[in-house]
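In the UniProt record's numbering, the protein residues as written are 1 to 498. The beta-carbon is built from N, C-alpha and C at its ideal position, and this holds for glycine as well. Just so we're clear, the structure is a prediction, and the values are computed from it rather than from any experiment. Structure first, commentary second.
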Amino acid sequence: MSGRSGRGVFGKLFSKKHNRDREERATDIGMPTNVKQHLHVSKNSETGMLEGLPPTWLRLLNTQITPAEQNEYPDAAIQAVKFHMYTIKKEKAQDEPFKPFVTQEVITEEDKEIEKLLDHKNAHQSQDSDLSIGQSSEEEITGNDVPSERQTMPATPIKNSIKKKEAMMDMTAVMQDLTLIGEDNDESPMLRKKEMSYSTLSDEEIYEELKKICNPDDPYVRFERIKKLGAGASGVVFIAIDSKDNSRVAIKDIDLTKQSKKELILNEINVLKGFHHKNLVNFLDAFLSYDHLWVAMELLDGGSLTDVVTEVVMKEGQIAAVCHETLQAIAFLHSKGTIHRDIKSDNVLLGMDGTVKVTDFGFCANIVGDEKRQTMVGTPYWMAPEVVTRKQYGKKVDVWSLGIMAIEMIEGEPPYMKETPLRALYLIAAMGRPKIPRWEKLSPQFQDFLDKCLQVDVDLRASAEELLKHPFLDCAMELRTLTPLIKAAQKILHKSYD
Ligand SMILES: Nc1ncnc2c1ncn2[C@@H]1O[C@H](COP(=O)(O)OP(=O)(O)OP(=O)(O)O)[C@@H](O)[C@H]1O
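In structure tokens:
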């Protein structure tokens, strides 16, 4: 738990900046799918520590998770370390891809070591272990049959048809696993088909497809760059003036030469184009100029909710207002068969008038009805237990993350923020519902709302639709009451959108 002083609903109105390790927190995770390995894992009866895992895993485990913790929740420790070994560090650099459906990974030497361990079945099969790694419902896949995202996502353009065919087969395996959508579903099959077919396109073909969906205007002529807002994993975001109507917009400039998975950009744009809602940061248009793709979006000049939660204290009524708006976005996405999978304060942007909008659809997954997925994506601290423990998961992962975001609004940060991502994963898996500081000071309605968001049992967790009717939201203050908080945060952070 965070254990910070001077913050929270019942603390001082404005607190000093809390030094939040955003870089650490931004560690996103993805992992290969369908990997099922049985390891001979046992517990040392004297020390309580786990044995039989690959040395790299054990090293990590033993430095970050105490013997007592390993002894108490061995499965959680194994799941956490396993996920951690597949941690994808999304470098805040230009060579990162545009928010992909499958996260771009930077393969570390350690990752390679683990891949080798898995691929060559270095970890011997267990005769008697009941601690198995992976929860794939598939038959056990051995050695080189294991399709990992690394193996299947070609880093270089595929130029000839044989390679294309191979890639298509690989991508099919990946996408089948990622989407778990039945072939006979017809609710939103188009996107999935596109995901699949795009994977077979060469760079040239992807440029052709992009040209088709992009506005032919030259963005360098049409827009005047005003100010850089920041750089994310996929590109630089800046404020620009659209000469067509003098409106101010946010533009994400993506250098395509630095994107290894250009096919995913097509998917992303198509998702963005298809969604319009008052609580989503809406896509306006896309432009292609040589190797640069400019994605124009609505400009939210109030910054991110993170700025507010880390700098100022919110009243319950203001928290209810943000929850209400965010829930409307989540319910809309869910009604379209889409899970956001990365709900957190960083991905909630604010307008100066108190408008609340969800952004960042890079992790969105399309599902149909109650279909479940198994890929682990998101940011560790906001992840639902069923994601961490690699159970199949569905739309309600967004509801869990909303509950964690509500804790951010109370506390300024999510649970376990001061822990390393590996320990956070362990704690999520081991503890389930996190302890909420100053719980007794929250209103009964807020407590009940949090209870409904943070149920470990997915069946007991409320849906976004159900939560929209929750009495806690009746106390929502007007959105314009957020304006002073936004102004205060901007002042402290020296941020301006002029
Ligand atoms: N539509 C927008 N209006 C105002 N600010 C925005 C908008 N979109 C993004 N930003 C801001 O621009 C900066 C960069 O955003 P971007 O989404 O590229 O990166 P990120 O969210 O920090 O990282 P990632 O790429 O990993 O999601 C962030 O500070 C974000 O809040």
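Handout entry: Nearest-angstrom Cβ-Cβ length linking L293 and A286, presumed shorter than 8 Å
Key = Taking the first residue of the sequence shown as position 1, residue 293 is located at position 293. Taking the first residue of the sequence shown as position 1, residue 286 is located at position 286. Going by Cβ atoms, the distance from L293 to A286 rounds to 6 Å, so yes, they are a contact pair.
Exercise for the section: Please confirm whether K273 and Y207 have their CB atoms less than 9 Å apart. Expected result: For the purposes of this step, residue 273 is taken as residue 273 along the sequence shown, with counting starting at 1. For the purposes of this step, residue 207 is taken as residue 207 along the sequence shown, with counting starting at 1. In this structure, Y207 does not lie closer than 9 Å to K273 by Cβ.
Practice task
Assign M409 to one of three DSSP states: helix, strand, or coil.
Solution key: Along the sequence shown, one-based indexing puts residue 409 at 409. M409: helix per DSSP, three-state reduction.
Exercise for the section: Answer yes or no: do C323 and L473 have a C-beta to C-beta separation smaller than 9 Å? Expected result: Here residue 323 refers to the residue found at position 323 when the sequence shown is read from its first residue. Here residue 473 refers to the residue found at position 473 when the sequence shown is read from its first residue. Yes, these two residues count as a Cβ contact at 9 Å.
Exercise for the section: Look up M49 in the DSSP assignment and say whether it is helix, strand or coil. Expected result: If you number the sequence shown from 1, residue 49 lands on position 49. In the structure shown, M49 sits in coil (DSSP, three-state: anything other than H, G, I, E or B).
Practice task
In the DSSP assignment, find the unbroken beta strand (DSSP E) run with K357 in it and report its ends.
Solution key: The sequence position of residue 357 within the sequence shown is 357, counting from 1. Segment 356-358, the beta strand (DSSP E) holding K357.
Exercise for the section: Would you list the residues sitting across from L264 in a DSSP beta bridge? Expected result: Here residue 264 corresponds to residue number 264 of the sequence shown, with the count starting at 1. Partner(s): none; L264 has no beta bridge.
Handout entry: Neighbourhood of P385 by C-beta, 7 Å cutoff - its chain only, sequence neighbours within 5 removed
Key = For the purposes of this step, residue 385 is taken as the residue at position 385 of the sequence shown. Closer than 7 Å at the Cβ level, and outside the excluded window around P385, lie I428, A429, G432, V456.
Handout entry: Residues that DSSP places opposite V322 in a beta bridge
Key = Position 322 of the sequence shown, counted from the start, is the residue given in the question as residue 322. V322 pairs with nothing; no bridge assigned.
Problem - Under the three-state DSSP convention, the category V106 falls into - result: The count along the sequence shown starts at 1 and reaches residue 106 at position 106. Confidence is the limiting factor: at V106 the pLDDT is only 28, short of 50, which leaves the residue's position unreliable and the question unanswerable from this model.
Problem - Pair within 9 Å by beta-carbon distance, Q318 and M417 - result: Taking the first residue of the sequence shown as position 1, residue 318 is located at position 318. Taking the first residue of the sequence shown as position 1, residue 417 is located at position 417. Against a cut-off of 9 Å, the Cβ pair of M417 and Q318 comes out as no contact.
Problem - Three-state class that DSSP yields for residue 499 in the structure shown - result: Outside the shown range of the chain, which is 1 to 498, sits residue 499, and nothing can be said about it.
Exercise for the section: Would you kindly work out how many angstroms separate the C-alpha atoms of V308 and S260, rounded to a whole number? Expected result: Within the sequence shown, the letter at position 308 stands for residue 308. Within the sequence shown, the letter at position 260 stands for residue 260. When rounded, the distance between both Cα atoms is 35 Å.
Practice task
Give a single yes or no on whether V309 has its beta carbon closer than 8 Å to a heavy atom of ligand 1.
Solution key: Here residue 309 refers to the residue found at position 309 when the sequence shown is read from its first residue. No heavy atom of ligand 1 is found nearer than 8 Å to the CB of V309.
Problem - Element boundaries [beta strand (DSSP E), containing K252] - result: Locating residue 252 in the sequence shown gives position 252, counting from the first residue. Note, K252: beta strand (DSSP E), 247-255.
Practice task
Along the beta strand (DSSP E) that carries K228, what are the first and last residues, could you check?
Solution key: The count along the sequence shown starts at 1 and reaches residue 228 at position 228. Where K228 is concerned, the enclosing beta strand (DSSP E) stretches over 223-231.
Problem - Nearest to G303 (by Cα), restricted to the options T338, V237, F361, N270 - result: Looking up residue 303 in the sequence shown gives position 303. Measuring from the Cα of G303, the nearest candidate turns out to be V237.
Exercise for the section: Measuring alpha carbon to alpha carbon, tell me which of T326, D346, K344, F332 ends up nearest V356. Expected result: Taking the first residue of the sequence shown as position 1, residue 356 is located at position 356. Checked all of T326, D346, K344, F332; the closest Cα to V356 is T326.
Practice task
Look at the alpha carbon of K278 and the alpha carbon of L333, and state the distance between them as a whole number of angstroms.
Solution key: Position 278 of the sequence shown, counted from the first residue, corresponds to residue 278. Position 333 of the sequence shown, counted from the first residue, corresponds to residue 333. Distance between the alpha carbons of K278 and L333: 12 Å.
Practice task
Compare the beta carbon distance of V397 and R341 with 9 Å and say whether it is the shorter of the two.
Solution key: In the sequence shown, counting from the first residue as 1, residue 397 sits at position 397. In the sequence shown, counting from the first residue as 1, residue 341 sits at position 341. Taking 9 Å as the Cβ cut-off, V397 and R341 qualify as a contacting pair.
Problem - DSSP three-state assignment for T179, whether helix, strand or coil - result: By 1-based counting over the sequence shown, the position of residue 179 is 179. The predicted model places T179 with a pLDDT of 29, which falls under 50 and marks its position as unreliable; any figure quoted below should be read in that light. In the structure shown, T179 sits in a helix (DSSP, three-state: H, G or I).
Handout entry: Residues near M383 by beta carbon distance below 7 Å, same chain, minus five either side
Key = Counting from one through the sequence shown, the residue named residue 383 turns up at place 383. Closer than 7 Å at Cβ, skipping near neighbours: I428.
Problem - Any chain D beta carbon closer than 9 Å to E465 - result: In summary, chain D is missing from the structure at hand, where a single protein chain is found.
Handout entry: Which of helix, strand or coil DSSP assigns to A331
Key = Your numbering for residue 331 matches position 331 in the sequence shown. Looking at A331 - three-state DSSP - the assignment turns out to be helix.
Handout entry: First through last residue of the alpha helix (DSSP H) which encompasses D291
Key = One-based indexing of the sequence shown puts residue 291 at position 291. Where D291 is concerned, there is no enclosing alpha helix (DSSP H), given that its DSSP letter is neither H nor E.
Practice task
Would you mind working out which of K487, A489, K391, I239 sits nearest F83, comparing C-alpha positions?
Solution key: Within the sequence shown, residue 83 is the residue found at index 83, counting from 1. If we check each option's Cα against that of F83, K391 comes out closest.
Handout entry: Check: E298 C-beta below 8 Å from any heavy atom of ligand 1
Key = Here the question's residue 298 lines up with position 298 in the sequence shown. Checking the Cβ of E298 against ligand 1 gives yes.
Problem - Pairwise C-alpha distance: D346 and A489 - result: Along the sequence shown, read from residue 1 onward, the residue named residue 489 stands at position 489. Along the sequence shown, read from residue 1 onward, the residue named residue 346 stands at position 346. Cα to Cα, the separation comes out at about 14 Å.
Practice task
Determine the burial state of Y381: buried for a count of at least 16 other Cβ atoms within 10 Å of its Cβ, exposed for fewer.
Solution key: Numbered from 1 along the sequence shown, position 381 holds the residue referred to as residue 381. With 16 or more other Cβ atoms within 10 Å, it is buried.
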